[in-house]
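Chains H and B, in that order, give the protein sequences.
For what it's worth, my numbering labels the leading residue of the first sequence as 63, then goes sequentially.
For what it's worth, my numbering labels the leading residue of the second sequence as 63, then goes sequentially.
Quick reminder that beta carbons are idealized off the backbone N, C-alpha and C, glycines included.
For reference, the structure discussed in these notes is given below.
2 protein chains.
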Amino acid sequence: MQEKLKNIEIFSLLSEDALSLLALHCKLVNHKKGTVLIHAEKVEPYFYILESGIARAYSDGENQQITFWFGQAGDVLFSYNSYINNKPGYENIELLEDSTLFQINLNTLLKLYSEHLELANWGRKIAERELIATEKRLIDRSFKDATERYQDFINQQPELVKKVALKHIASYLGVTQVTLSRIRAVYK
Amino acid sequence: MQEKLKNIEIFSLLSEDALSLLALHCKLVNHKKGTVLIHAEKVEPYFYILESGIARAYSDGENQQITFWFGQAGDVLFSYNSYINNKPGYENIELLEDSTLFQINLNTLLKLYSEHLELANWGRKIAERELIATEKRLIDRSFKDATERYQDFINQQPELVKKVALKHIASYLGVTQVTLSRIRAVYK
DNA sequence: CCCAACATTTTACAAATGTTAAAAAATGAA
DNA sequence: TTCATTTTTTAACATTTGTAAAATGTTGGG
């Protein structure tokens, strides 16, 4: 297990010592495309890291579903809301491909955080990285129009464009599917 | 100092022990309205917590400035980008009123994180809370129109509406000042 | 009090995006 | 392959928001 963890960027921040401790509590699991691993209406008991596959986080509204995050190999996949507030939240996470994930029990992880200095700081870095990425996206919503945001997306995550339904990309970019189609039509 | 810290919500998460350790490195400073405490083009050496006053974080574009965060008493004020990447970032933070702040040297704070388990977990919680708040705002940009976002804003932060220039609130909500004026005109 | 600087609102018009519905294209199972 | 289902595109039109500029309102120093 420990050898497998080493291939994931986010684990490379950890020492051998911390990694082996984490490995003790990691289980490798497979789930099919379409599986919803995190449900907004539940307090989910697991923390996952994608070994292979693709995922999206989305929030349900009255008439629509907004995708606000995509995950690929190496990305952390879980509900911060459950974790912090111990309450159901706004986040659903669905697999968009058959995937393999490292699974850790959330209570176990929190216990490790409360006992192990290096892991606590690792958890801090995970949240901080995600915060920076989210803040930048929020700012881009104001600075850039839909066309620029789409161009950035295809430059930065070209693999996702091929594999993910355009309706999900549209809501991720903050536009309707119709608008995204119009943008794409320009490049034909 | 320790007594003063106790009045701030975010410090209430800490034990007496951790609080006294942090207090050793905290300095109370005053700055005037208009002071830019964090500059995007610099790696800033301090971490602040607002004791009293108001602040805004903004990002500079070619033709405009986007305010993406407001801080009030009790809020943490610093550049995650400097802190994580040790590089200049996208965040400027300006005081909108004469303010009093707790100031901690960033290197000192990072050292405390790397040595003190409870403080490391405290730092993790700060980032996680901010992440949830930012993610929710990003989602609201899609689910709610400008009018709803403004109504939410005045309900949730009525004090800010009185004290902050409307141009800053407009960019915080993701609209132009003209649009915000139009929205406000409806309620006259 | 008055003026200058700055903030906010208003107006007219332009551009971007949303809505609805239908057509075309792609996908997957039998 | 073929058919049914789903996804994506296209079209026509409505609505929202943006832009630029002028008008009005506000504030603080002299």
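What residues of chain H sit near B/G123, judged by a beta carbon separation below 7 Å?
-> F205
Do you know how far the Cα of B/I188 is from the Cα of H/N147?
-> 13 Å
Quick one: list the residues of chain B neighbouring H/A189, beta-carbon separation under 8 Å, in chain order.
-> R186, A189, E190 and L193
Among H/I231, H/A247 and H/F130, which has the Cα closest to the Cα of B/I194?
-> H/F130
Once you ignore the five residues that flank B/A85 on each side, which residues in its own chain have a CB closer than 7 Å to its CB?
-> M63, Q64 and L67
Find the residues of chain H that neighbour B/L174, judging by a C-beta separation of less than 7 Å, and give them in chain order.
-> Result: empty, since nearest Cβ-Cβ is about 11 Å, beyond 7 Å.
Going by the CB atoms, is the gap between B/V226 and B/F132 shorter than 8 Å?
-> yes
Assuming B/I70 contacts B/G136 (C-beta within less than 8 Å), just tell me the rounded distance between them.
-> 5 Å
Output yes or no for whether 8 Å exceeds the beta carbon distance between B/E106 and B/L90.
-> no
Can the beta-carbon of H/L179 be found closer than 8 Å to that of B/L174?
-> no
Among H/D207, H/I166 and H/R118, which one has its Cα closest to the Cα of H/G96?
-> H/R118
For B/L76, which of B/A182, B/H87, B/P150 and B/G115 has the nearest alpha-carbon?
-> B/A182
Measuring only between beta-carbons, confirm whether B/N183 sits less than 8 Å from chain H.
-> yes
Burial state of B/N154, where buried means 16 or more other Cβ atoms lie within 10 Å = buried
Between the Cα of B/Y120 and those of B/V98, B/D207, B/Q134 and B/K198, spot the shortest distance and give me the residue it belongs to.
-> B/V98
What's the gap between the Cα of H/I231 and the Cα of B/Q134?
-> 35 Å
Proximity below 8 Å, CB of B/L168 to CB of B/Y142 = no
In three-state DSSP terms, what is H/N154?
-> strand
What residues of chain B sit near H/I201, judged by a beta carbon separation below 8 Å?
-> S121, I128, F130 and Y152
Mind listing which residues of the region 209-232 of chain H have their C-beta closer than 8 Å to chain B's C-betas, in chain order?
-> none
Can you name the start and end residues of the beta strand (DSSP E) that B/H93 belongs to?
-> K89 to H93
First and last residue of the uninterrupted beta strand (DSSP E) at H/F205 = Premise fails: H/F205 lies in the alpha helix (DSSP H), L179 to F205, not in any beta strand (DSSP E).
Just curious, the alpha helix (DSSP H) that B/V223 is in, first and last residue?
-> P220 to K225
Please report the Cβ distance between B/F140 and B/F109, rounded to the nearest whole angstrom; I am assuming they are in contact, meaning their Cβ atoms lie under 8 Å.
-> 5 Å
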